[in-house]
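Contents: one structure, followed by commentary.
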């Protein structure tokens, strides 16, 4: 787990610049820093830089950028290849020799042996830049599920890339111009989905994507996507028991692979199904008590620390709990922009920062249960969508009547979002994104940007049923662009590596083949995961109400963040900022102050997080 950055340009850059860029993310790799700069025959210069968090082969032999044995390729790599030992054995049979015990060297040899499509053999989380001196080509590659981040900026002949946006901001000539379409999507979705970033001309590499640079230009292609898997693979035809046994074997192997480490490791434990199952498998495979960590709250509605402690006691882990107070929450809120260099409004990022810092005092690697909800039908919204589908005919009638009477407009004027939502239930895709469309006109009016809701629509198309479409939606956007981004930034802020066994691509591919009834039956969410878990622990020990690491943000906002909100809504601040329509902002503020619903609190929270980010990076 590390931080990478680099560029290709026409020779205006230096190694000093590379060092300045990579040092903006020194927390991603506190153990070492190195860089390289070469001039090509075409006149371009290639620069790669690396900050290392040593996990495998802690010696100096693991330093990056690393050259292959032949000298043909050089790499700057962030992540882990969990099956590197198996790949190394195959490469040794082909005559390759290795100087280190790292997975980095295996990537280099694999790409020389099998070409860049060797990435399809990798089981891991990764983002890397590989330069092929012989072909004069640079490759940027991201793992299948988007666990590890990779951004890039283009301007004419220049390509700049990095694990985060901070190094790119350091590049000479980079302009911090807000992309209004991305800003619209952020306000609507609470994160920025898909390829866009908050800055113009700056993008994310998509999960499972390869970008190839040559002096002739840039090409991009996907080598893997959940949509392709859903469309290509045959549905699972075995029994429920067959599926449970296959999933159990894959899960145990995924956990085993993710326990390979030359540094101490532990697990996040929130008393949910996913983290409890991962912890149970870890403890089964470990000769000593696994170190587990959870965060608690004084508010009972948000606290699950006592339940987590009971599960930890049953499993025999070495458990630690820390309670998050309002004062600590306020302190962490002020620190968020320093770690999250692109705005995201997920309230659980505060608790994730706290639990990561707590874990880092004891371990360098922590396993998590991320991915279980999106793969195995765990969110309450999936059942809610099916209830909304019963109103599909009513929605059609209301839209027909709208041609004669301004029914929807009346609801919008009254801020009646439930009424407005009834006009957005005419298809499965619209039902899933009904909340987004309900607020869409407001956000476009606030920012002046159009946004791109099509990123959600395209993600859902291969789904056979409404819940499957909803899960594809979340696997393609919410999971990589919100959940995994949150975990990456919060954990790397304290130099902690996190690993998610449920996102092993073999488990993902199996989950996408399973019938919906194996995942949810008679109201039982994550049915197959729960049945595997209850082989390990009594059902009574596991919480039935999902909380994760949420915080009581709505109450905190009204009781503790009032001054901040008033300042960021003030005429003085908004006029200088010149990003938002003042009239629409007043409507938002008035709706929030006159309502006690969480909807309006979330809207203002999302705006508040953007303003904190803006003041840190732009103002």
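Residue numbers (our numbering): 939 to 1557. The beta carbon of each residue, even a glycine, is placed where N, CA and C say it ideally should be. All values reported here derive from a predicted model rather than from experimental measurement.
Fully contained in the segment 1275-1322 are the following beta strand (DSSP E) runs of length 3 or more, in chain order: 1303-1305. At a cut-off of 3 residues, the continuous stretches assigned as beta strand (DSSP E) that sit fully inside the segment 1090-1173 are 1096-1100, 1140-1142, 1147-1152 and 1155-1160. Boundaries of the alpha helix (DSSP H) around residue 1503: 1500-1506. Between residue 1119 and residue 1383, the beta carbon gap of about 14 Å keeps them out of contact (Cβ cut-off 8 Å). Contact between residue 1336 and residue 1361 holds: their C-beta atoms lie close to 6 Å from each other, under 8 Å. In the structure shown, residue 1382 falls within a helical segment according to DSSP collapsed to helix, strand and coil. Scanning its chain for C-beta atoms nearer than 7 Å, with the 5 sequence neighbours on each side dropped, one finds around residue 1459 the residues 1465, in chain order. Here residue 1356 is exposed. Its C-beta has fewer than 16 other C-beta atoms within 10 Å. Bridge pairing for residue 975: 985 [DSSP]. Residue 1436 carries a strand assignment under DSSP once its states are collapsed to helix, strand and coil. Taking each of 1019, 1184, 1149 and 1523 in turn and checking the Cα distance to residue 1508, the smallest one comes out for 1523. Exclusion of the five residues before and after residue 1016 leaves 940, 942, 1065, 1086 and 1101 as the residues of its chain whose Cβ lies within less than 6 Å of its Cβ. Annotation for residue 1301: 1202, 1203, 1204 and 1229 place their beta carbon closer than 7 Å to its own, counting only its chain and skipping 5 residues before and after. According to the DSSP assignment, residue 1030 belongs to the alpha helix (DSSP H) that extends over 1022-1031.
In the structure shown, residue 1345 falls within a helical segment according to DSSP collapsed to helix, strand and coil. As for any alpha helix (DSSP H) of minimum length 4 sitting wholly inside the segment 1211-1241, the runs are 1211-1223, ordered along the chain. The closest CA to that of residue 958, considering only 972, 1344 and 1004, is found on 972. Residue nearest to residue 1094 within the set 1150, 946 and 1185 is 946 (criterion: CA-CA distance). According to DSSP, residue 945 shares a beta bridge with 985 and 1098. Of 1386, 1002 and 950, the smallest CA-CA separation from residue 974 is found for 1002. In the displayed model, residue 1204 falls within a strand according to three-state DSSP. Look at residue 1069 here: in three-state DSSP terms it is strand. Pairing residue 1299 with residue 1429, the inter-Cα distance amounts to about 12 Å. Non-local beta-carbon contacts of residue 1373 in its own chain, meaning distances under 6 Å to residues more than five positions away in sequence, are absent.
Of the candidates 1517, 1448, 1510 and 1551, 1448 places its Cα closest to the Cα of residue 1183. Scanning its chain for C-beta atoms nearer than 6 Å, with the 5 sequence neighbours on each side dropped, one finds around residue 1178 the residues 1456, in chain order. Residue 1418 carries a helical assignment under DSSP once its states are collapsed to helix, strand and coil. Under the three-pair Cβ rule at 8 Å, the segment 991-1005 does not count as touching the segment 1183-1196. Nearest Cα to residue 1056 within the set 1019, 1091 and 1090: 1019. Taking C-beta separations shorter than 6 Å and ignoring five residues to either side along the sequence, the partners of residue 1294 in its chain run 1428, 1429, 1432 and 1434, following chain order. Looking at the backbone, the Cα of residue 990 and that of residue 1556 are separated by about 29 Å. The beta carbons of residue 993 and residue 1200 sit about 6 Å from each other, so the pair counts as a contact at 8 Å. In the DSSP assignment, residue 1016 falls within the beta strand (DSSP E) that extends over 1011-1019. In the DSSP annotation of this structure, residue 1252 is not part of any beta strand (DSSP E); the continuous alpha helix (DSSP H) holding it starts and ends at 1243-1253.
In terms of Cα proximity to residue 1169, the closest of 1503, 1549, 1340 and 1406 is 1406. Judged by pairs of C-beta atoms under 8 Å, the segment 1319-1337 touches the segment 1405-1421, as three or more such pairs exist.
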